[in-house]
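Going by the numbering used here, 1067 is the number at position 93 of the sequence shown; the sequence numbering is gapless.
Just so it is clear, CB atoms sit at the ideal spot from N, CA and C, and this is done for glycine as well.
So the structure is just underneath, and the comments pick up after that.
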Amino acid sequence: MKVCRTISELRNELKILREQSKVISFVPTMGYLHEGHLSLVRFAKNNSNICVVSIFVNPTQFGANEDFNRYPRDEQRDLELLKNEKCDFVFIPSSDEMYGKDYQTFVNVKKYSQILEGEFRPGHFEGVTTVVLKLFNIVQPDFAVFGQKDAQQAFIIQKMVDDLNVPVRIEVLPIVREKDGLAMSSRNVYLNAEERKQALALYNSIQLAEKFLKEGERNSDRIIEEIKKLMLQYPLIKIDYVEIVDKNTFTKIKEIEKDKSYYLLLAVRIGATRLIDNTILKV
Ligand code: PAF
């Protein structure tokens, strides 16, 4: 496994491999890796000749009052985990390497970057799409792998790739959960013992929605209302949003229809920590 810290170093390595027609996969991350990330790396590795993982805590996707400075980082541990997965290249650029002097260019997937997560985290998706497009241009992978945990992010990246004709295939893999159902996230380390217990409100909400669907409920407002009632039982939880959207358009819907797919999207704050979760609803 080779660690590259500059764009030119990684580009030179990959150029030779691309000329040999190697299939290159790419997993962008912000590090502090967990089983969710590793499931993406395993998929990438199993479906390509060369697997590239990036570790970069991207400053442009954090708001002024967000957790950029305290975002967990452990490069040595990440490198050990990636070595175990037989990852081929790890790209760890500095902020200066990615956003050199007088950086000016940003990518904005307008409509979809302002709703849901975008409403609560203004500017977040612009930072994500900008860094992801830069990384795609640096790595030029055949395909890139993202987690369904950040469903809106994956949707927006797919839209960017379609709109800007970026020659990369986007793969989205299922959420990996802890034994008790909490979706794996680097931010889970922020939770104290009581917050960790109450974080289960997210998975319990997903299970409640699935139960209602099984019992024949098709009205999305009623399912959302029941979830909000359930969340009231967890005093540390403050809801940012609970929404059901069409999986292919990310627009809110009224009725759940047969043979269509939807996302139930959840975003809450628990103390100082913000967590998101989702599931695919289908009848
Ligand atoms: O999902 C993440 O970890 C980040 O948003 C990403 C895609 C690596 C961009 O910084």
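Is it buried or exposed, residue i, if we count other Cβ atoms within 10 angstroms and call 16 or more buried?
| i | result |
| --- | --- |
| Asp1251 | buried |
| Gly1010 | buried |
| Tyr1077 | exposed |
| Ser999 | buried |
| Gly1121 | buried |
| Ala1018 | buried |
| Phe1099 | buried |
| Asn1032 | buried |
| Leu988 | buried |
| Thr1223 | exposed |
| Ser1022 | buried |
| Thr1253 | buried |
| Ala1167 | exposed |
Could you work out which residue in the options is closest to residue i when comparing CA atoms only?
| i | options | result |
| --- | --- | --- |
| Arg1143 | Phe1094, Asp1137, Val1119, Tyr1164 | Val1119 |
| Tyr1164 | Arg1047, Lys1232, His1011 | Arg1047 |
| Tyr1300 | Val1113, Met975, Ser1159 | The question about residue 1300 has no answer here: the residues shown for the chain are numbered 975 through 1257. |
| Arg1161 | His1008, Lys996, Pro1002 | His1008 |
| Phe1110 | Arg1170, Gly1097, Arg985, Phe1129 | Arg985 |
| Leu1255 | Glu1191, Leu1206, Asp1214, Tyr1208 | Glu1191 |
| Glu1199 | Val1216, Ala1167, Lys1019 | Val1216 |
| Glu1091 | Lys1108, Phe1042, Gln1050, Gly1037 | Gly1037 |
| Ile1230 | Leu1174, Val1135, Ile1149, Ile1218 | Ile1218 |
| Glu1040 | Phe1094, Leu1012, Ile1024 | Phe1094 |
| Phe1186 | Gly1005, Val1257, Asn1023, Val1031 | Val1257 |
| Val1128 | Ser1069, Arg1151, Glu1145, Pro1096 | The sequence as given places Ala at residue 1128; Val does not occur at that position. For the residues Ser1069, Arg1151, Glu1145, Pro1096, the minimum Cα distance to Ala1128 belongs to Glu1145. |
| Phe1080 | Thr1223, Lys1108, Ala1241 | Lys1108 |
| Met1072 | Thr1253, Leu1206, Ile981 | Ile981 |
| Ser1069 | Phe1042, Asn1082, Lys1085, Val1083 | Phe1042 |
| Asp1136 | Asp1214, Val1083, Thr1253 | Val1083 |
| Tyr1006 | Gln1050, Arg1196, Pro1096 | Gln1050 |
| Val1001 | Phe1117, Lys1085, Thr1247 | Phe1117 |
| Leu1206 | Ile1089, Gln1172, Met975 | Gln1172 |
Mind reading off the beta-carbon distance from residue i to residue j? Whole number of angstroms is fine, and I expect it under 8 angstroms.
| i | j | result |
| --- | --- | --- |
| Asp1062 | Ile1029 | Asp1062 to Ile1029, Cβ: 14 angstroms. No contact. |
| Leu991 | Ala1125 | Wrong, their Cβ atoms sit about 32 angstroms apart, outside the cutoff. |
| Ile1243 | Lys1212 | Here the sequence assigns Arg to residue 1243, which means Ile is not the residue at that position. Sure, about 4 angstroms apart at Cβ, within 8 angstroms. |
| Arg979 | Pro1067 | 6 angstroms |
| Leu1204 | Ser1179 | 6 angstroms |
| Leu1147 | Ser1013 | 6 angstroms |
Hey, would you say residue i sits closer than 8 angstroms to residue j, going by beta carbons?
| i | j | result |
| --- | --- | --- |
| Lys1228 | Ser1194 | yes |
| Thr1034 | Val1105 | yes |
| Val1113 | Val1026 | yes |
| Leu1055 | Val1064 | no |
| Glu1059 | Val1015 | yes |
| Ser1087 | Ile1130 | yes |
| Leu1249 | Leu1182 | no |
| Gly1155 | Leu1138 | no |
| Gly1074 | Glu1169 | no |
| Lys1123 | Ile1149 | yes |
Margin query: Give the list of continuous alpha helix (DSSP H) stretches no shorter than 4 residues that lie fully inside the region 1012-1091.
Written below: 1049-1058, 1069-1072, 1084-1087
Margin query: Suppose only complete runs of 4+ residues qualify. What are the alpha helix (DSSP H) ranges in the region 1093-1135, listed by chain order?
Written below: 1098-1113
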